[in-house]
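Top line first, the protein sequences correspond to chains A and B.
Note that the numbering used here has the first sequence beginning at 1, numbered continuously upward.
Note that the numbering used here has the second sequence beginning at 243, numbered continuously upward.
All remarks here apply to the structure that follows.
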Amino acid sequence: MALYRDAAIVLRAQKLGEADRIVTLLTRQHGKVRAVAKGVRRTRSRFGARLEPFMIVDVMLYEGRSLDTVTQAETLAPYGDPIARDYVSYTAATAMLETAERLTEEREPAMQQFLLLAGGLSALAGGDHEAGLVLDSFLLRSLAVAGWAPSFHDCARCGAPGPQRAFNLASGGTVCPSCRTPGSALPALATLELLAALLVGDWDVADQSLPQHRREGSGLVTAFLQWHLERGVRSLRLVERV
Amino acid sequence: MYEGVVQDLIDELGRLPGVGPKSAQRIAFHLLQADSLDVTRLVSALVEVKEKVRFCIVCGNVAEAEQCRICSDPRRDLTYICVVEEPKDVVAVERTREFRGRYHVLGGAISPIEGVGPDDLRIKELLTRLADGAVTEVIVATDPNLEGEATATYLARLLRPLDLKVTRLASGLPVGGDLEYADEVTLGRAFEGRRVLDV
Chain A
1 MALYRDAAIV
11 LRAQKLGEAD
21 RIVTLLTRQH
31 GKVRAVAKGV
41 RRTRSRFGAR
51 LEPFMIVDVM
61 LYEGRSLDTV
71 TQAETLAPYG
81 DPIARDYVSY
91 TAATAMLETA
101 ERLTEEREPA
111 MQQFLLLAGG
121 LSALAGGDHE
131 AGLVLDSFLL
141 RSLAVAGWAP
151 SFHDCARCGA
161 PGPQRAFNLA
171 SGGTVCPSCR
181 TPGSALPALA
191 TLELLAALLV
201 GDWDVADQSL
211 PQHRREGSGL
221 VTAFLQWHLE
231 RGVRSLRLVE
241 RV
Chain B
243 MYEGVVQDLI
253 DELGRLPGVG
263 PKSAQRIAFH
273 LLQADSLDVT
283 RLVSALVEVK
293 EKVRFCIVCG
303 NVAEAEQCRI
313 CSDPRRDLTY
323 ICVVEEPKDV
333 VAVERTREFR
343 GRYHVLGGAI
353 SPIEGVGPDD
363 LRIKELLTRL
373 ADGAVTEVIV
383 ATDPNLEGEA
393 TATYLARLLR
403 PLDLKVTRLA
413 SGLPVGGDLE
423 YADEVTLGRA
433 FEGRRVLDV
């Protein structure tokens, strides 16, 4: 049994016994880790608010058979407080955490997902962009990291150069007229441009997009995510869109 | 595996929160060896609690009548409502003897990751209670954790158009603790809520 130290984002905290919690952490080096934080629910706990969801912490963990134990935690970025003070950001950030939890495996390093989530939480806490856009950008990019990068320009099936108009979930993005199958959506061209911008992080284009294209885009992103994950992401249902 | 009723008892005890298979076995054997009067008292307490206890139609707290002891007390101040997550929080606030108003139990906190949204809580019932304008201040006393803070933010936004004062319980340093061990969020809150010293 070893002691190790890593940077981690708190994804989830579940009550355990009298005053403990099981925290699910997305660590920089060790992937997703579940650990017990003893006495964390007591008001005099030395962990305080450090092990609340959305916090980025420097943790010392003691390796256990099924669950590790948190022995020390220092704050690296206190995103919990600013995010919880804005309800729209809170619902978006929760959906980000749940998606990250679903796309990562226990003890399998996922540094790109860690960096992506840290960036997304930072943007939400700082109020850099509209919360719905940050969420959609995170969902698209985390799916891309997981190996499901959608295409919003060329045909996702045969590679025919775009811009293509029809969008098909099963095909993995936009499709050309010959690859198009029944049930494909026909979103506005501006919506596809917005989604392409969100996928690469082109915020100049994304910030200038119109509300109707944001709404249509978020519908496509949600459907694309649910298609690739076996179970739905529960918190997406409760996300407040402006 | 034990036989028949002993195993049934262990299985039933094992379904209680925080009771694992070993604890269930220990409690079952304690009951087997206990005086039958003690066991009868426990059984009647369990039956009685299910028969008599219900939720107050006004505030959602546990009650033995249609209204709980606090809601039916005419000495309580009707102009204040303290919003809490669970009935056990009512007991915690009552222990302080500081609050003389009435309560509203939400039945939890907003937690999208657990599938709990505003519609799953007793928020509509709170709005109904506020409709007659008798209440002048709503004190949001949800837990000082992430879900509790988000629920407080949601309530503050919802109640903003109403003509009443919405306050949140203060958070900061625990009495008897050391400053150096306080985390950044708690210490930040303590600074935010600092008060003038009256000497």
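Think of the CB as a built atom: it goes at the ideal place given N, C-alpha and C, for glycine as much as any other residue.
Just so we're clear, the structure is a prediction, and the values are computed from it rather than from any experiment.
A/Phe54 - containing alpha helix (DSSP H), residue span | Here residue 54 of chain A is taken as the residue at index 54 of the first sequence, counted from 1. Segment: none, A/Phe54 is in no alpha helix (DSSP H) and carries neither H nor E.
Amino acids of chain B, ordered along the chain, whose beta-carbon sits closer than 9 Å to that of A/Thr71 = Counted from its first residue, the first sequence places residue 71 of chain A at position 71. The contacting residues do not exist; A/Thr71 stays about 15 Å from chain B at best.
Is any beta-carbon of chain B found at less than 7 Å from that of A/Leu238?
-> What you label residue 238 of chain A is simply residue 238 of the first sequence in a count that begins at 1. A/Leu238 counts as touching chain B.
Any C-beta of chain A sitting closer than 7 Å to the C-beta of B/Thr428?
-> In the second sequence, residue 428 of chain B corresponds to position 186, counting from 1. Yes, because at least one Cβ of chain A sits closer than 7 Å to the Cβ of B/Thr428.
Using only alpha-carbon positions, find the residue among A/Cys158, A/Arg214, A/Thr71 that is nearest to A/Leu189.
-> Here residue 189 of chain A is taken as the residue at index 189 of the first sequence, counted from 1. Answer by Cα proximity: A/Arg214.
C-beta neighbour in chain B for A/Ser218, strict 7 Å = Taking the first residue of the first sequence as position 1, residue 218 of chain A is located at position 218. By this cut-off, A/Ser218 is not an interface position.
Using the beta-carbon of each residue, which ones in chain B are nearer than 8 Å to A/Glu193?
-> Here residue 193 of chain A refers to the residue found at position 193 when the first sequence is read from its first residue. Proximity of chain B to A/Glu193 at the Cβ level (cut-off 8 Å) is not reached, the minimal Cβ distance being about 29 Å.
Beta bridge counterpart(s) of A/Glu230 as assigned by DSSP = What you label residue 230 of chain A is simply residue 230 of the first sequence in a count that begins at 1. Per DSSP, none; premise fails for A/Glu230.
Alpha carbon to alpha carbon, what distance is there between A/Ala156 and A/Ser178?
-> Along the first sequence, one-based indexing puts residue 178 of chain A at 178. Along the first sequence, one-based indexing puts residue 156 of chain A at 156. Rounded to the nearest whole angstrom, the C-alpha separation of A/Ser178 and A/Ala156 is 12 Å.
Exposed or buried, what is B/Ala412 when buried is set at 16 or more other beta-carbons lying within 10 Å of its beta-carbon?
-> On the second sequence, residue 412 of chain B is found 170 positions in, with the first residue counted as 1. The residue in question, B/Ala412, is exposed, as its Cβ has fewer than 16 Cβ neighbours within 10 Å.
For A/Tyr4, which three-state DSSP category applies?
-> In the first sequence, counting from the first residue as 1, residue 4 of chain A sits at position 4. Under the three-state reduction of DSSP output, A/Tyr4 falls in the strand class.
Among the residues of its own chain, which have a CB less than 7 Å from the CB of A/Thr222, if the five just before and after it don't count?
-> The residue labelled residue 222 of chain A in the question sits at position 222 within the first sequence. Leu236, listed in sequence order.
At least 3 beta-carbon pairs within less than 8 Å: the segment 89-109 of chain A vs the segment 60-70 of chain A = Cβ pair count under 8 Å is below three, so no.
Which chain B residues sit within Cβ distance under 7 Å of A/Arg12?
-> Along the first sequence, one-based indexing puts residue 12 of chain A at 12. Near A/Arg12 (Cβ distances below 7 Å), the residues of chain B are Ile355.
State the CB to CB distance for the pair B/Glu308 and B/Ile299, rounded to an integer number of angstroms; the pair is presumed to be in contact (CB under 8 Å).
-> If you number the second sequence from 1, residue 308 of chain B lands on position 66. If you number the second sequence from 1, residue 299 of chain B lands on position 57. That belief holds up - the Cβ atoms of B/Glu308 and B/Ile299 are roughly 6 Å apart, short of 8 Å.
Does any CB atom of chain A fall closer than 7 Å to the CB of B/Glu336?
-> Here residue 336 of chain B is taken as the residue at index 94 of the second sequence, counted from 1. No, B/Glu336 does not count as interfacial toward chain A.
Assigned secondary structure, A/Gln29 (DSSP; H/G/I helix, E/B strand, else coil) | Indexing the first sequence from 1 puts residue 29 of chain A at position 29. Three-state result, A/Gln29: coil.
So, does the CB of B/Thr370 fall closer than 7 Å to a CB anywhere in chain A?
-> What you label residue 370 of chain B is simply residue 128 of the second sequence in a count that begins at 1. Judged by the 7 Å Cβ criterion, B/Thr370 is not in contact with chain A.
Using a Cβ cut-off of 7 Å, which residues of the segment 396-428 of chain B contact any Cβ in chain A, in chain order?
-> Tyr396, Arg399, Pro416, Gly419, Tyr423, Ala424, Asp425, Glu426, Val427, Thr428
Report the three-state DSSP secondary structure of B/Arg399 (helix, strand or coil).
-> Residue numbering aside, residue 399 of chain B sits at position 157 when the second sequence is read from its first letter. Correct three-state label for B/Arg399: helix.
Where A/Arg85 meets chain B, residues with beta-carbon distance less than 8 Å = One-based indexing of the first sequence puts residue 85 of chain A at position 85. What A/Arg85 touches in chain B: Glu391, Thr395.
Could you name the residues of chain B that A/Phe54 contacts, counting a contact when the two beta carbons are closer than 8 Å?
-> Here the question's residue 54 of chain A lines up with position 54 in the first sequence. Result: Leu388.
Can you find a CB in chain B that lies within less than 7 Å of the CB of A/Asp81?
-> The sequence position of residue 81 of chain A within the first sequence is 81, counting from 1. Look at A/Asp81: its C-beta is under 7 Å from a C-beta on chain B.
In chain B, which residues lie with their C-beta within 7 Å of the C-beta of A/Ser235?
-> The count along the first sequence starts at 1 and reaches residue 235 of chain A at position 235. Under the 7 Å cutoff, chain B gives Pro354, Ile355.
At what residues does the alpha helix (DSSP H) containing A/Asp204 begin and finish?
-> For this step, residue 204 of chain A is matched to residue 204 along the first sequence. Run containing A/Asp204: 203-207, per the alpha helix (DSSP H) assignment.
Would you call the segment 12-27 of chain A and the segment 37-54 of chain A in contact, with 3 or more CB pairs under 8 Å?
-> yes
Indicate the three-state DSSP secondary structure (helix, strand or coil) for A/Ser184 in the structure shown.
-> Stepping through the first sequence from its first residue, residue 184 of chain A is reached at position 184. It is coil, neither helix nor strand.
Does A/Ala49 have its Cβ less than 7 Å from a Cβ in chain B?
-> Translated into positions along the first sequence, residue 49 of chain A becomes position 49. At least one chain B Cβ lies under 7 Å of A/Ala49.
Quick one: which residues of the segment 254-278 of chain B get their C-beta closer than 7 Å to a C-beta of chain A? List them in chain order.
-> Listed by position along the chain: Gly260.
When DSSP labels each residue in this structure, what does A/Ile9 get in the three-state scheme?
-> Residue numbering aside, residue 9 of chain A sits at position 9 when the first sequence is read from its first letter. Residue state, collapsed to three classes: strand.
Report the three-state DSSP secondary structure of A/Gln14 (helix, strand or coil).
-> As a position in the first sequence, residue 14 of chain A is number 14, starting the count at 1. In the structure shown, A/Gln14 sits in a strand (DSSP, three-state: E or B).
Mind checking whether A/Arg141 and A/Leu115 have CB atoms under 7 Å apart?
-> Sequence index remark: in the first sequence, residue 141 of chain A carries index 141 (1-based). Sequence index remark: in the first sequence, residue 115 of chain A carries index 115 (1-based). Cβ atoms of A/Arg141 and A/Leu115: not closer than 7 Å.
Neighbouring residues, chain B, relative to A/Pro78 (Cβ below 7 Å) | As a first step, residue 78 of chain A is located in the first sequence; it is residue number 78 there, counting from the start. Within 7 Å Cβ-Cβ: Glu426, Val427.
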